[in-house]
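Comments concern the structure below.
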Amino acid sequence: MDTYDVIVIGGGPAGGSAAHVAARAGLRVALVDRHAFPRDKLCGGGFTGRSYRYYQEIFGAPIPAEIILTKTSVEFHAHGQELARIDDIPPIHMTMRRDMDASIVGHALASGAEDFCGAGVAEIDLEGRRVVLKDGRELGYAVLIGADGANSSVARALFGQAFDHERIGFGLEIEAPVPAADAPVRIDFGAAEWGYGWNFPKAGSATIGIGGVHSKNPEMKAAMERYCGIFGVAGQHKVKGAFLPFGDVRRWPGRREVLLAGDAAGLVDPITGEGIAYAMQSGALAGEAAVEAVRANHPPRALTLYKMKLRPIHRAMFHARWIRQIIFGRAFRNTFVRAFRGSGTVRYQYLRLMAGEIEYPALAWATFKKVPGFVVRSVTGR
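For reference, each letter of the sequence shown is one residue, going 145 to 526 in this note's numbering.
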């Protein structure tokens, strides 16, 4: 059995970041993924200002310009109503996960991580601290990082199931033809229950999809068909689906020397559904915790270190879940729509959040100050 300081399972934004940070620090790292890269991945591909900043901080270079398309206009709609088109917004970047993930894996391998991409996992032996690959190879570890998505095999090994079906989100999307050069980003609140729809123009296509809380959307396919009909592409393209763990944050993102990052830890924005930014950040933090635990010759301390590092993200998630009640809950959503249409402050704060200029605690406070008005308007209907 070949033994590593760190094994990372999953080569997406979380796993690639974790492997990069740990390998750059001098640890022996194995990066395992069932796919070789580049590979396709279902994702809206919104790459916000927050994501852009985290990418540059973690990898020491901006994301390559050729794999993103930058937009400065956005349209907001809600429940069939147009709310606003806003131009000259802070940049919103669009990317294809095939390109972005390959770039991140490239950084990890360049930092010294050993490449086991294209090798699926057959068994995770937590007691023996080993991972058995489908080709029979056995890898030992001091710290294991599970960054293998919403249906994480590492989470299943730890907890018996990867997620709670009542709390998880689900998304459907298609790749439609290349949009017009001046097409804005479009977001439709309410295209799915406790969720939204998106039309993200990219360099070679437009990604159109909807996502919402799984248990609240028994007719998700029909909702997707209706949403595609808005753009005249219903029934014309293959629909792909995936679970989205937005809002279902794991309080315990692992156990002892086993850590969960990104979607596997439920670190997806509960309002926007963005997972790339927190995936990269949590992966980097998991890598840092692994480095500290291994250097101290105490791998079981990795989770304690990791939880402390995750506190700002968990705090942001708490505030986001609170605000989500106002945006998506039936009691307030009509009032929120009216406020969004009529209030430049609400729109401005939301755009600043998307751009990564503020975090949820700041938006939560701004929203909290408006709650009395929301309540009055909900009761009076004004």
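Glycine residues also receive a C-beta, built at the ideal position from the N, C-alpha and C atoms.
- Its Cα nearest to that of residue 332, the residue 415 stands out among 407, 282, 466, 415.
- Per the DSSP secondary-structure output, residue 381 pairs with nothing in a beta bridge.
- When beta bridges are read from the DSSP output, residue 239 appears opposite 212.
- By the Cβ neighbour-count rule, residue 361 is buried, with 16 or more other Cβ atoms within 10 Å of its own.
- Segment contact: the stretch 228-241 against the stretch 261-272, fewer than three CB-CB distances shorter than 8 Å; contact not assigned.
- Among the bridge pairs identified by DSSP, residue 342 is matched with 331, 353.
- Ranked by Cα distance from residue 213, the options 357, 469, 329 are led by 329.
- In the structure shown, residue 217 falls within a strand segment according to DSSP collapsed to helix, strand and coil.
- Exclusion of the five residues before and after residue 200 leaves 206 as the residues of its chain whose Cβ lies within less than 6 Å of its Cβ.
- Per DSSP, the beta-bridge partners of residue 403 are 289, 398.
- With respect to residue 315, residue 388 sits close: the two C-beta atoms are nearer than 9 Å.
- The beta carbon of residue 496 sits closer than 6 Å to those of 502, all from its chain and outside the five residues before and after it, given in chain order.
- Distances from the alpha-carbon of residue 338 to those of 190, 482, 467, 196 put 467 closest.
- Non-local C-beta neighbours of residue 242 in its own chain, meaning closer than 8 Å and more than five positions away in sequence, comprise 182, 183, 184, 185, ordered along the chain.
- Judged by DSSP in its simplified three-state form, residue 376 adopts coil rather than helix or strand.
- Assignment of beta strand (DSSP E) within the stretch 153-182, counting only whole runs of 3 or more residues, yields 173-177 in chain order.
- Counting of Cβ neighbours within 10 angstroms places residue 392 among the buried residues, the total reaching 16 or more.
- Under the three-state reduction of DSSP output, residue 259 falls in the strand class.
- Counting along the chain, the unbroken beta strand (DSSP E) around residue 314 starts and ends at 313-320.
- Setting aside the 5 residues that flank it on each side, residue 194 is surrounded in the same chain by 421, 500, each with a C-beta closer than 6 Å to its C-beta; the list follows chain order.
- Counting only the Cα atoms, residue 446 lies some 22 Å from residue 276.
- Distance from residue 152 to residue 159 at the Cβ level is roughly 5 Å; contact confirmed, criterion being Cβ atoms closer than 8 Å.
- Rounded to whole angstroms, the gap between the alpha carbons of residue 168 and residue 196 is 20 Å.
- Separation of the CB atoms of residue 302 and residue 484 is rounded to 40 Å, and the pair is thereby denied contact status at 8 Å.
- Of 179, 406, 377, the smallest CA-CA separation from residue 323 is found for 377.
- The alpha-carbon of residue 423 is positioned some 33 Å away from that of residue 482.
- For residue 273, the closest alpha carbon among the candidates 279, 176, 283 is that of 283.
- Of the residues assessed, residue 309 falls on the exposed side of the cut-off, its CB having fewer than 16 other CB atoms within 10 angstroms.
- For residue 359, the closest alpha carbon among the candidates 494, 451, 390, 198 is that of 390.
- Residue environment: residue 342 is assigned as buried (16 or more neighbouring CB atoms within 10 Å of its CB, all protein chains considered).
- With fewer than 16 neighbouring CB atoms inside 10 Å of its own CB, residue 224 falls in the exposed class.
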